[in-house]
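Asks: Under my numbering, the letters of the sequence shown match residues 1 to 217, in that order.
Don't be surprised by glycine CBs; every beta carbon is placed ideally from N, CA and C.
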Amino acid sequence: MKLHKEGYKIIFITLLILAILSWATIEVVPWQNLQIFLLTGFLLEFIWTLSFFRVPKRKINFSENHILASADGKVVAIEEVDENEFFNSKRIMVSVFMSPFNIHVNWYPIKGKVSYTKYHNGKYLAAYNPKSSTDNERNTIVVEHENGKSIMMRQIAGVFARRIISYAKSKDEVTQGQEFGIIRFGSRVDFFLPLDTTILVKLGDKVKAQQSVIGTF
């Protein structure tokens, strides 16, 4: 398992701050038990920071008809909605919530061509709030499959996620399971799928990116 390049700066700054705090704790705090408590907390904070930016090596569940999960997390919504940013039609929305303990790298669910991508400034509502899909800071990507069907992924910032990074560019030819970005510190990914998609997940399911099948064409 490796660390994501977008985490290098944050990891270094975190290490520097925690090193200073650790030195101050040893020099200033007179009680050994309190020292141990604080130093343990600093160590756990650093371990968590490292784990947040981990990039697992996984065997991708390739299939022409499969729509794979783009993110690790929990399915919190499955509903028919009006999608008005790109399709201007009804779609099936499947939402995957990523807690701060999940891997936050995002991967393409299908292979195809990027036909649309757009970043939106916005609020920082809790990612489980239904309005976060349209009101929060977000980035939208549409990929057209070779069968002519298109799906949309929307990266959504949450309360703690203040930085969405996307590598997607219009007209990119992409492969299933290829990385397209990362969201820092707790967030959500919404999928907008054709109405005739066969949905293979249910509310509460935990999914793994590159492996779990959200639905089939």
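Using only the alpha-carbon positions, how far apart do Thr-198 and Val-189 sit?
Replies: Numbered from 1 along the sequence shown, position 198 holds the residue referred to as residue 198. Numbered from 1 along the sequence shown, position 189 holds the residue referred to as residue 189. Straight-line Cα distance between these residues: approximately 19 Å.
Asks: Comparing alpha-carbon positions, which option in Trp-48, Ala-24, Lys-113 and Asp-82 lies nearest Ala-168?
Replies: Counted from its first residue, the sequence shown places residue 168 at position 168. Measuring from the Cα of Ala-168, the nearest candidate turns out to be Lys-113.
Asks: Where does Ile-103 fall in DSSP's three states?
Replies: To locate residue 103, count along the sequence shown from 1; it is residue 103. DSSP places Ile-103 in the coil class of the three-state scheme, outside both helix and strand.
Asks: Residues in its own chain within less than 7 Å of Lys-171 by CB, not counting five upstream and five downstream?
Replies: For the purposes of this step, residue 171 is identified with residue 171 of the sequence shown, where counting begins at 1. Only Lys-113 and Val-114 meet the Cβ criterion.
Asks: Which class does Tyr-108 belong to by DSSP, given the choice of helix, strand or coil?
Replies: Sequence index remark: in the sequence shown, residue 108 carries index 108 (1-based). Coil.
Asks: Quick one: any contact between the region 49–60 and the region 144–158, if contact means 3 or more CB pairs under 8 Å?
Replies: no
Asks: If you follow the alpha helix (DSSP H) that Gln-32 is in, where does it begin and where does it stop?
Replies: The residue given as residue 32 occupies position 32 in the sequence shown. That run of the alpha helix (DSSP H) goes 32–52.
Asks: Among Phe-42, Leu-39 and His-66, which one has its Cα closest to the Cα of Ala-209?
Replies: In the sequence shown, the residue the question calls residue 209 occupies position 209. When only C-alpha atoms are compared, the closest one is His-66.
Asks: Below 8 Å, how does it come out for the region 76–83 and the region 171–180: are there three or more Cβ pairs, yes or no?
Replies: no
Asks: Check this for me: beta carbons of Asp-218 and Ile-103, under 8 Å apart or not?
Replies: Not covered by the structure: residue 218. The range shown for the chain is 1 to 217.
Asks: Closest to Lys-206 by C-alpha separation, out of Arg-138, Ser-22, Val-75 and Thr-25, would be which residue?
Replies: Working through the sequence shown from its first residue, we reach residue 206 at position 206. Of the listed residues, the one whose Cα sits closest to Lys-206 is Val-75.
Asks: Based on the DSSP output, what are the partners of Leu-3 in its beta bridges?
Replies: For this step, residue 3 is matched to residue 3 along the sequence shown. In DSSP, Leu-3 forms a bridge with Arg-54.
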